[in-house]
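In terms of mature numbering (1 follows the signal peptide of the UniProt record, and there is no 0), the sequence shown is residues -20 to -1, 1 to 557.
Positions of the beta carbon are idealized from the N, C-alpha and C atoms, including for glycine.
Note that the structure is predicted; figures quoted are calculated from it, not measured.
Notes follow the structure.
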Amino acid sequence: MRHFFIVFLLLTGLVFLAHCQPTPANGIVDEPEPPLTVGLIYDSAAQWVDSVYSGLSESERIAQLFWLAVEQPDNGTSFELLKGQVAKHQPGGILLFRMSPQRAVGVIETLQSVSKLPLLVSIDGEWGLGMRMPEVRSFPYAMTLGAIQDDSLIYRMGLEIARQFSVLGIHVNMAPVADVNSNPNNPVIGHRSFGELPDHVARKSVAYMKGLQDGGVMAVGKHFPGHGDTSTDSHKTLPVVHHSRELLDSTDLVPFKAMIDAGLWGIMTAHVEVPSLDNRRGLPASFSDSVVTGLLRQQLGFNGLVITDAVNMQGAKTMGPPGKVDVLALAAGNDIVEFTEDLAGGIAAVQKALADSLMTRANLEDKCRRALAFKYWLTRHPSPSKMNKQNLDSLLNAPSALDLNQQLSDAALTVLVNDHMLPMVGVPGEYACIVVGQAPVIALQMQQQGLPVYQLSTSDPAAFDRVLQSMEPYPGYVVVIADSQWGRRAVNHSGRNQLIRLAAQHPSLVVFMGNAYHLSPWRGLEKASGLVISYQNSREAQQAVLKLLNGEIGANGRLPVSVKNWFEAGSGIVVSE
């Protein structure tokens, strides 16, 4: 029985990896690895896990279930303390936070050098390394990706992110977010979700997951069993999800089921209370054996690595102090405690739990062997970073990555209104361009085309009014709402209505460059000649808008979420080039 889990993983996970290697045709990976036979993978993994496990002390076996956060890599004292913890206690992995790629290479190499076993290196990279490393170009948010109709682009993004991770020696991505964002007022998920339609979110999640895992990086679907219908943030409190079991099955759990069926390697449990799954008041799902062991393991059949959301979050701290929180999370069925605040205390708490029979040694062995099995294949290939320290920028921001990034933004453009405005082969020379906020790429291009550009202040309502009132009348306008938050503020109510009236009274193409939920206060823009949403105001999104205006591309994106009492999820008008 001791090899049962390894056998199952190899049949469901490693075989999936072996038969889903990237091909040279995608332009991202030069050569695929030769497929590995089941026997070869099983024999080498089983022997390695047996050998390593038998050589570990009890405290070292427990330590494999903890991942430490690297929060202050440039603080010498703090980093030395972290290095000392790794050397003394030998944890299973680390979680990177904000730092430069160059510093990340140094951090990883230093901490790996004092670890007897390879550390699993993880990071929150929902939109790629750029989420934590500003030097790397970020890929679009999940909401933006949710508008894309060609899921192969999302697969390619996952594959490219995996390539970038491999350059630095990172093995685990805490992504994708598989939450179905059914609450527009959700303060913590929102644009991090692929949308509100369960099957749609499932397809996008699987595409991203497969891209990562085909590239050799563990995908971690989060936040199980679903954080999409919460009105509070689990970083600050313990949210409650009031969905019935039937509603959970038809919404929140759909993406997780799809990813499990597709061979997902990791799942993150959420610090949210779900009474329909466990009626113990105040108990987060991440600490519920009914949710983690009963639902996730037994009912859904997930046999990958189960990782807690960070246990330093307030939603977890409701369970008690560091140490106690750690052992309760493991006893519930989690394999890995992420962001422990007291590694020594956590190890001691687990040892006491073993002595008190809160956990069994068979349970500890199962978790440790599972963690080691993943560690075996995720760290098989050494990171090329040692040879590439001087070329990190060009390796990470490779032309192929930048081109794919642009393709994603192009494909997300969604046309919600089109009254004979699009396709537009160039903006008519007699039009004017109005920019609310900052969209420098668009503003410069409009100026170069000879159009007057009126920049409206988002910080000074009086200045906003002065510019708007001083404008000469034009036969038509391109209105770029670059600051999507501006229209939501009560103080800007008058200015917003002026723009809505202007767009309704003249031939106008309105471009909304932000979160789709932020469009709801702009009711009345449906009277404009055209309304396009790009979901965010990145450099690539601005370039995509210009390409649409110049007739270089069409648009076929679809709204991934509903805009309150206005546009339904799935709305979108196809515009040909």
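Point to revise | Reduced DSSP category for L505 - H, G, I as helix; E, B as strand; rest coil | key: Helix, per DSSP.
Exercise for review: For S556, I'd like the list of residues in its chain whose CB is within less than 8 Å of its CB, leaving aside the five on either flank, ordered along the chain.
Suggested key: So the list reads P403, G534, once near-sequence residues are dropped.
Review point. With distances taken between CB atoms, is the gap from L376 to Q144 smaller than 8 Å?
Key: By the CB criterion at 8 Å, L376 and Q144 fall inside the cutoff.
Check your understanding: Helix, strand or coil for Q522 per DSSP?
Key -> When secondary structure is reduced to three states using DSSP, Q522 falls in the helix class.
Review point. Residues in its own chain within less than 8 Å of A304 by CB, not counting five upstream and five downstream?
Key: With the sequence shown as reference, residue 304 is identified as Lys, and Ala is not the correct amino acid for it. Non-local C-beta neighbours of K304 in its own chain, meaning closer than 8 Å and more than five positions away in sequence, comprise A329, ordered along the chain.
Point to revise | Nearest neighbour of H171, chosen from V160, Q427, T359 [CA to CA] | key: Of the listed residues, the one whose Cα sits closest to H171 is V160.
Check your understanding: Anyone know if the C-beta pair for I287 and G72 falls short of 8 Å?
Key -> With contacts defined as CB atoms closer than 8 Å, I287 and G72 fail to qualify as a contacting pair.
Check your understanding: Straight-line CA distance for P2 to I141?
Key -> The pLDDT assigned to P2 is 37, lower than 50, so where the model puts this residue is not dependable; a value taken from the coordinates is nonetheless given after this. Answer to the nearest angstrom: the Cα atoms are 13 Å apart.
Check your understanding: Are the stretch 309 to 327 and the stretch 45 to 52 in contact at 8 Å, needing three or more beta carbon pairs?
Key -> Enough Cβ pairs lie closer than 8 Å, so yes.
Practice item. In the DSSP assignment, find the beta strand (DSSP E) that holds V101 and state where it starts and stops. Key: In the DSSP assignment, V101 falls within the beta strand (DSSP E) that extends over 100 to 103.
Practice item. Less than 8 Å between the CB atoms is what I'm expecting for H223 and S256, so what's the real figure, rounded? Key: With 8 Å as the limit, H223 and S256 qualify as a contact, their Cβ atoms being about 6 Å apart.
Exercise for review: Just mark S514 as buried or exposed, buried being the case when its beta carbon has 16 or more other beta carbons within 10 Å.
Suggested key: S514 should be labelled buried.
Point to revise | Exposure of V543, with buried meaning 16 or more beta-carbon neighbours within 10 Å | key: Counting Cβ neighbours within 10 Å, V543 comes out buried, since at least 16 surround it.
Practice item. Classify H203 as buried or exposed, calling it buried when 16 or more other Cβ atoms lie within 10 Å of its own Cβ. Key: So H203 ends up on the buried side.
Practice item. Note down, in chain order, each residue of its chain lying with its Cβ closer than 7 Å to the Cβ of N385, except the 5 sequence neighbours on either side. Key: Only R117, F119, E520 meet the Cβ criterion.
Check your understanding: Just curious, the beta strand (DSSP E) that H203 is in, first and last residue?
Key -> Following the DSSP letters along the chain, one finds H203 inside the beta strand (DSSP E) bounded by residues 198 to 204.
Check your understanding: Tell me, which residues are paired with W245 by DSSP?
Key -> W245 is not bridged to any residue.
Exercise for review: Kindly list the residues whose CB is nearer than 8 Å to the CB of G262, restricted to its own chain and excluding five residues on each side of it in sequence; keep chain order.
Suggested key: If we look at G262 and ignore the five residues flanking it on each side, its Cβ neighbours are L218, E253, T298.
Practice item. May I ask you to report which of helix, strand or coil DSSP gives W546? Key: In the three-state reduction of the DSSP assignment, W546 falls in the coil class.
Check your understanding: Under 8 Å, do P540 and M123 count as touching if we go by C-beta distance?
Key -> The criterion of a C-beta distance shorter than 8 Å is satisfied by P540 and M123.
Exercise for review: May I ask you to report which of helix, strand or coil DSSP gives E115?
Suggested key: Residue state for E115 is assigned as coil, using DSSP reduced to three classes.
Review point. Of the choices E115, P114, R78, V94, whose alpha-carbon is the least far from that of S102?
Key: Nearest of E115, P114, R78, V94 to S102, Cα basis: R78.
Point to revise | The alpha helix (DSSP H) enclosing residue 616, as first and last residue numbers | key: Residue 616 is absent from the model: the chain starts at -20 and stops at 557.
Practice item. Could you check the C-alpha separation between V433 and S185 for me, to the nearest Å? Key: Between V433 and S185, the C-alpha separation is close to 40 Å.
Review point. Which residue spans inside the stretch 418 to 471 form an unbroken alpha helix (DSSP H) run of at least 4?
Key: Qualifying alpha helix (DSSP H) stretches, in chain order: 420 to 428, 441 to 450.
Point to revise | Under the three-state DSSP convention, the category N165 falls into | key: Coil.
Exercise for review: Using DSSP bridges, identify the partner residues of L489.
Suggested key: In the DSSP output, where bridge partners are listed per residue, L489 has V458, G510.
**Study point:** Identity of the residues DSSP links to A49 by a beta bridge
**Key:** Answer is L75.
Review point. Smallest Cα separation from residue 560: which of A250, H251, F236?
Key: Lying before the first or after the last residue shown, residue 560 is absent from the chain, which here runs from -20 to 557.
Review point. Mind pulling the alpha helix (DSSP H) runs of 4 or more residues that sit fully within the stretch 344 to 381?
Key: The stretch 344 to 381 contains, as complete alpha helix (DSSP H) runs of 4+ residues, the segments 372 to 376 (chain order).
Check your understanding: Which of the three DSSP states, helix, strand or coil, is assigned to N283?
Key -> In this structure, N283 counts as coil in the three-state DSSP scheme.
Exercise for review: List the DSSP bridge partners of V554.
Suggested key: Partner residues in a beta bridge of V554, as assigned by DSSP, do not exist.
Check your understanding: For T340, which of helix, strand or coil comes out of DSSP?
Key -> Shown here, T340 sits in coil according to DSSP, grouped into three states, outside any helix or strand.
Practice item. Taking 8 Å as the cut-off, decide whether the C-beta atoms of residue 638 and A333 are in contact. Key: This structure cannot settle anything about residue 638, because the visible part of the chain is limited to -20 through 557.
Practice item. Out of V459, I461, S439, Q435, state which residue places its alpha-carbon closest to the alpha-carbon of S450. Key: Of all alpha-carbon atoms in V459, I461, S439, Q435, the one lying nearest the alpha-carbon of S450 is that of Q435.
Review point. Just reading off the alpha helix (DSSP H) that L310 is part of, what are its end residues?
Key: Membership of L310 in the alpha helix (DSSP H) is indicated by the continuous run 304 to 312.
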